[in-house]
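Chains as they are written, first to last, in the working numbering: chain G, 5 to 246; chain R, 9 to 228.
All residues carry an ideal CB built from backbone N, CA and C; glycine is no exception.
To start, the structure itself, in structure tokens.
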Amino acid sequence: MIIAKDIHKKFDQRTILNGVDLTIDTGKITCLIGPSGSGKTTLLRALALLEYPDSGIVSVDGQEYNFPKAAETEINPPWPHVSVVFQSLFLWPHLTLRQNILLPAKRRGLPDVHARLEELIRFFEMRDFIDNYPNEASRGQQQRVALARALMLKPKYLLLDEITSALDVEQVAKVLEYLQGVRDQGIGVFVITHLLGFARRAADQVVFLNEGKIEEVGGPEILTTPKSPRLQQFVKLIEAAS
Amino acid sequence: MSVIDILINYHTGFLEGLLVTLELYAVIVVSGILLGGLLGVFAAEDPILRYISQGMAFFLGAVPTLVFLFWLHYPAQAVFEIVIDPFYTAALTLSIVNIFAISELVRQAIQGFPQQFLIAGRVTGLRTKDIVLKIQLPMLFRQLLPALLITQVTMLHSTLFASLISVEEIFRVAQRINAQIYKPVEIYTALGVFFLIVCLPINLLAYHLKQRFTRDFSER
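The following block contains the structure:
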């Protein structure tokens with residue numbers, strides 16, 4: 005379980021996260037929604053310890069990271085136990101898609117990497133393009149490879165930053181299907197998304213972040229019957245726009 | 009007398025000049041790549057070295073190489089009251105130009121390197137050594153190589169300036185032959201053929217590498 009307690013973060017004088025408490029369970033999909041500038045990506049980066057919070061605690065399966073950290077404390081981040089896929093996928097352009105997936109696993113000396121890769125090729129239907137270079141693959145294909153690269157190392161948690169943002173409807177449906185498969189493998193999935201339909205269908209937990217604070221948390225039903233006025237307004241705006 | 013006749017009749021002189029040109033070029037390329045590469049790497053981290061590298065690149069970009077060569081050759085000899093072999097002055101001057109040109113290429117490539125490719129390596133559990141060797145260096149190498157090759161072709165052309173301070177390189181040999189037989193078109197065409205043979209493949213390689221490697225950064 006990833007637990008965030010009272011997370012605060014400022015950039016310059018601007019408060020980005022203002023006392024966030026959050027729990028991410030294994031085997032569940034948590035969707036984080038919220039308006040632009042509400043601190044979604046900063047929260048994801050804080051949970052992955054890519055960006056240290058100014059104060060608060062991040063706990064990953066009992067391993068606590070306290071902030072502000074003492075000067076002499078060495079942080080040993082929980083990667084790739086907690087893995088991240090970014091909005092821009094950052095596949096390494098000089099390697100084929102196959103090599104992109106294999107490199108981290110091989111360097112970590114994991115056993116049976118080729119068998120594991122075969123499983124992922126089947127799961128993500130990548131057979132036809134796995135030996136291409138990233139620039140020869142479509143956005144949807146790159147997305148699958150980025151997910152496979154993260155999953156190759158058997159993470160317990162997968163944090164995804166708006167990975168559906170550049171996809172068409174059909175590709176979003178496919179990603180949804182894959183993520184449900186990932187969840188069924190017992191992996192905790194945390195997704196930032198602006199697609200309410202995606203959150204309704206995929207999420208076990210929906211978190212609404214506004215101005216650096218969590219305004220509402222619950223099952224996907226909070227998107228149908230939101231309690232907080234800000235979430236009501238947000239849902240209305242998004243639905244009107246789509 | 010045709011170009012071929014000139015090449016046949018004066019091949020000894022041309023070969024001697026060519027040897028001097030290649031010696032000069034070797035010094036410029038080796039010092040440029042080693043010292044310029046190192047300076048670029050350190051300048052990417054150190055602000056003082058960055059100012060030096062940037063400042064010198066601006067300065068050398070504004071001052072014609074020929075003027076810089078004359079500055080270092082004649083006034084230096086007058087000030088120190090010594091006679092300096094013009095080969096050394098030419099080697100030093102052109103090496104300085106090359107060192108700062110390469111340093112800026114390397115510095116800009118390192119500073120402009122997209123950090124997210126490295127973060128993607130960290131979150132997949134790669135060690136720093138693996139990130140540098142397997143991701144950063146190959147990507148930087150691909151990005152730098154075309155520009156580096158083109159810079160080195162320009163430096164080869166710049167060796168011609170050495171003739172103006174009496175270095176007996178290939179252009180000076182061509183000038184001497186021309187003084188004897190006065191066939192400027194044929195003689196300088198012969199010289200042009202030499203440069204074409206050496207430079208064209210390098211330019212084509214640089215173009216090919218640029219086409220091949222720059223597309224790599226795109227994400228759809």
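What residues in the stretch 156-187 of chain R have a beta carbon less than 7 Å from any beta carbon of chain G? none
Just how far apart, CA to CA, sit P152 of chain R and F121 of chain R? First, the residue type needs correcting, since residue 152 of chain R is Leu and not Pro in the sequence shown. Going by the C-alpha atoms only, they are around 11 Å apart.
Step through the CB atoms of chain R and report whether any lies within less than 8 Å of the CB of F90 of chain G. yes
State the beta-bridge partners of C207 of chain R as determined by DSSP. In DSSP, C207 of chain R forms no bridge with anything.
I'd like the ranges of any beta strand (DSSP E) spanning at least 3 consecutive residues and lying wholly in the stretch 87-152 of chain G. none
Short CB-CB distance (under 8 Å) between L128 of chain R and chain G: Here residue 128 of chain R is Ala; the residue named in the question, Leu, does not match the sequence. Taking Cβ atoms only, chain G reaches closer than 8 Å to A128 of chain R, which makes this a yes.
Is there a Cβ of chain R sitting closer than 8 Å to that of L54 of chain G, yes or no? yes
L163 of chain G - containing beta strand (DSSP E), residue span: Y161 to D165
Mind checking which residues open and close the beta strand (DSSP E) that includes T27 of chain G? R18 to I28
Check whether the Cβ of H118 of chain G lies closer than 8 Å to any Cβ atom in chain R. no
Which of the three DSSP states is assigned to T2 of chain R in this structure? The shown model of chain R, from 9 to 228, leaves out residue 2 of chain R, and the question about it has no answer.
If we define contact as Cβ-Cβ less than 8 Å, is M21 of chain R a contact residue for chain G? First, the residue type needs correcting, since residue 21 of chain R is Gly and not Met in the sequence shown. So no, G21 of chain R is outside the interface.
With a cut-off of 8 Å on the beta carbons, I'd call A206 of chain G and I33 of chain G a contact; round off their distance for me. 5 Å
For F15 of chain G: DSSP bridge partner residues: G:R18
Looking at the ligand HEM, does it come within less than 7 Å of K73 of chain G, judged from the CB to the closest heavy atom? Among the components modelled here there is no ligand, and therefore nothing to report on the ligand HEM.
Under 9 Å from the C-beta of S276 of chain G: neighbouring residues of chain R: Because chain G is modelled from 5 through 246, residue 276 of chain G falls outside the range shown and cannot be assessed.
Between K13 of chain G and chain R, is there a C-beta pair that is closer than 8 Å? no
Alpha carbon to alpha carbon, how far is R220 of chain R from G23 of chain G? Give it in angstroms, no decimals. 48 Å
So, at 8 Å on beta carbons, what are the nonlocal neighbours of V186 of chain G in its own chain, with the 5 sequence-adjacent residues on each side left out? L151, L155, L162 and V193
Can you pull the chain C residues whose beta carbon is under 7 Å from the beta carbon of R153 of chain G, in chain order? No chain C appears in the structure shown, which is made up of the protein chains G and R.
How long is the line joining the alpha carbons of E227 of chain R and S174 of chain R, rounded to whole angstroms? Caution applies to E227 of chain R, whose pLDDT of 48 falls short of 50 and renders its modelled position unreliable; the model cannot decide the point.
Top-ranked residue by Cα proximity to L93 of chain G, from G:I6, G:L171, G:E219 and G:W83: G:L171
Own chain, CB closer than 6 Å to I242 of chain G, minus 5 neighbours either side, in chain order: L200
Could you tell me how far apart the beta carbons of L74 of chain R and F169 of chain R are, in whole angstroms, since I believe they sit closer than 8 Å? 5 Å
Whole angstroms are fine: how far does the CA of P72 of chain R sit from the CA of P84 of chain G? 53 Å
Can you tell me the Cβ-Cβ gap for L157 of chain G and R112 of chain G, rounded? I've got them flagged as a contact below 8 Å. 7 Å
When we look at the beta-carbon of E89 of chain R and count the other beta-carbons within 10 Å, is it buried (16 or more) or exposed? exposed
Considering Q67 of chain G, what are the terminal residues of the alpha helix (DSSP H) in which it resides? Run containing Q67 of chain G: none in the alpha helix (DSSP H); it sits in the beta strand (DSSP E), Q67 to F71.
Go ahead and pull the three-state DSSP assignment for S10 of chain R. coil
By a C-beta neighbour count over all protein chains shown, 10 Å radius and 16 as the cutoff for buried, is K137 of chain R buried or exposed? exposed
Chain G within 8 Å of P72 of chain R, Cβ atoms only: no
Counting only Cβ-Cβ distances shorter than 8 Å, please list the residues of the stretch 103-114 of chain G near chain R, keeping chain order. L107, P108, R111 and R112
Against chain R, with Cβ distances strictly below 8 Å, would P84 of chain G count as a contact? yes
Cβ neighbour criterion (16 or more within 10 Å) applied to A109 of chain G: buried
Is F121 of chain R helix, strand or coil by DSSP? coil
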